[in-house]
Amino acid sequence: MAGEATRSVRRITIGDVARSANVSEATVSKVLNGRRGVGGDTRERVQDVVRELGYVSISERQGSLRRVGEATIEVLLEPHDVDNPYFSTFIGGAVQQAADSAAALLVRPVTSIDERFDLRWAQSVARAGRVGVIELTSAYSAHRENALRAVGLPMVLVDPIDRPRPSTPSIGATNWAGAYEAAQHLLSLGHRRIDYIGGPPKARCDEVRAHGWAAAMGDAGIAVDIEAVPREAYSFEHGLRAATALLQRPDPPTAIFAGSDISAKGVLEAARRLGVLVPRDLSVVGFDDTYLAQTSTPPLTTVHQPIADIGRTAVSTLLRLAAGDALATRRIELATHLVIRDSTAPPSPRNPNEGRP
Numbered sequence: 001m002a003g004e005a006t007r008s009v010r011r012i013t014i015g016d017v018a019r020s021a022n023v024s025e026a027t028v029s030k031v032l033n034g035r036r037g038v039g040g041d042t043r044e045r046v047q048d049v050v051r052e053l054g055y056v057s058i059s060e061r062q063g064s065l066r067r068v069g070e071a072t073i074e075v076l077l078e079p080h081d082v083d084n085p086y087f088s089t090f091i092g093g094a095v096q097q098a099a100d101s102a103a104a105l106l107v108r109p110v111t112s113i114d115e116r117f118d119l120r121w122a123q124s125v126a127r128a129g130r131v132g133v134i135e136l137t138s139a140y141s142a143h144r145e146n147a148l149r150a151v152g153l154p155m156v157l158v159d160p161i162d163r164p165r166p167s168t169p170s171i172g173a174t175n176w177a178g179a180y181e182a183a184q185h186l187l188s189l190g191h192r193r194i195d196y197i198g199g200p201p202k203a204r205c206d207e208v209r210a211h212g213w214a215a216a217m218g219d220a221g222i223a224v225d226i227e228a229v230p231r232e233a234y235s236f237e238h239g240l241r242a243a244t245a246l247l248q249r250p251d252p253p254t255a256i257f258a259g260s261d262i263s264a265k266g267v268l269e270a271a272r273r274l275g276v277l278v279p280r281d282l283s284v285v286g287f288d289d290t291y292l293a294q295t296s297t298p299p300l301t302t303v304h305q306p307i308a309d310i311g312r313t314a315v316s317t318l319l320r321l322a323a324g325d326a327l328a329t330r331r332i333e334l335a336t337h338l339v340i341r342d343s344t345a346p347p348s349p350r351n352p353n354e355g356r357p
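The numbering of the sequence shown is the UniProt record's numbering, which starts it at 1 and goes up by one.
If you want it as structure tokens, here you go:
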């Protein structure tokens, strides 16, 4: 149920198990440690409650940590994200911070977790000696976070797509400011017909970027329709399809701002196929500043977000939570800035859309 998914869940204790099974804590302890003196029916009832509530004892977790010999963090991601340069840059920073902290990372595809058995997954994570989970996925799951809280493990989200509850720690970048600066750059060059190509529908980070673009356009006296922004997964294919449609309109844009570098690469390819020269006929701006921006033709003007630092911060934050430290803030945003390269220029005097409001 929705209410169950969103309410805060505390860690399950041995007392909770004892009350649910209608036995003493001593009896629960005997069952968990495999000791004698407990009837078969009672033992089975306690084991059922342990599975149902997702209880993992401190001794189980500490024993696993001793066997593993180091703190291990589980990282959840979408399988298709492996091809996105954002992920490789993020993991590079996360691995570096983990090494500096004598910790390790284990990457798991989120698709391997059956939502019907979130508690079982969380129990297996705790019993394997993990100290917490970093989630880098397309959809935040309150069920997964609740399951982790039940077994006493923290979760940290990275630029979450959905809006998590305020108490959930999350790391990201100044998406609004970065998008505003990108649009302002294009406006300062003289562009007025500037379209935005977005990311996953209802993605929180992309909604913020779209609003940053719209705010800059509005400040310049240009009305835009955020609802008309083409939205799909950040990908080369989405950038290609969306830009092709925009450039084939009767009133094509003189500039396109894409919500990611990989989408911007698709924009550049659409322009190439249509014989539109960049930046003479079309200026293009991306977001991320991955290696794609430097190696594209022409090199891409883009919003730099400190992706490796986000990875480092996610790991350090998770380790602090695992150690029981309090966070000064639950939301950390690292600063962005615009990197100007060769994909942007003033609109061509021959472009009929130049100066059009």
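Here a beta-carbon is modelled for each residue, glycine too, at the ideal position from N, C-alpha and C.
Proximity to ARG312 across HIS143, THR329, LEU247 and ALA104 peaks at ALA104, based on C-alpha coordinates.
For GLN248, the number of other beta carbons within 10 angstroms of its own is below 16, and it is reported as exposed. When only Cα atoms are considered, GLU52 and LEU119 end up about 8 Å apart. Note on geometry: alpha-carbon atoms of GLY15 and GLU145 lie some 22 Å from one another. In this structure, the straight-line span from the alpha carbon of TYR140 to that of LEU157 is close to 8 Å. Per DSSP, the unbroken alpha helix (DSSP H) holding VAL46 starts and ends at 40 to 53.
Secondary structure of HIS304 (DSSP, three-state): strand. A distance of 7 Å or more separates the beta carbons of ASP288 and VAL339.
In the DSSP secondary-structure assignment, GLY132 is bridged to ILE73.
Per DSSP, the beta bridge partners of TYR196 are PHE257. DSSP places ALA173 within a strand segment (E or B) once states are collapsed to three.
The beta carbons of GLY286 and TYR234 sit about 10 Å from each other, so the pair does not count as a contact at 8 Å. DSSP, read as helix, strand or coil, puts PRO79 in helix.
DSSP places PRO109 in the strand class (E or B) of the three-state scheme. The Cβ-Cβ distance between THR137 and ARG193 does not fall below 7 Å. Taking C-beta atoms as the reference points, GLY92 and ALA308 count as a pair closer than 7 Å.
Taken in chain order, the complete alpha helix (DSSP H) segments of 4 or more residues contained in the region 279 to 334 are 291 to 295 and 307 to 322.
With a beta-carbon spacing of about 7 Å, ALA264 and THR302 fall inside the 8 Å limit used to define contacts. Sorting LEU106, ILE222, GLY172 and VAL278 by C-alpha distance to the C-alpha of GLY132 places LEU106 at the top.
At the C-beta level, ALA18 and THR174 stay beyond 7 Å of one another.
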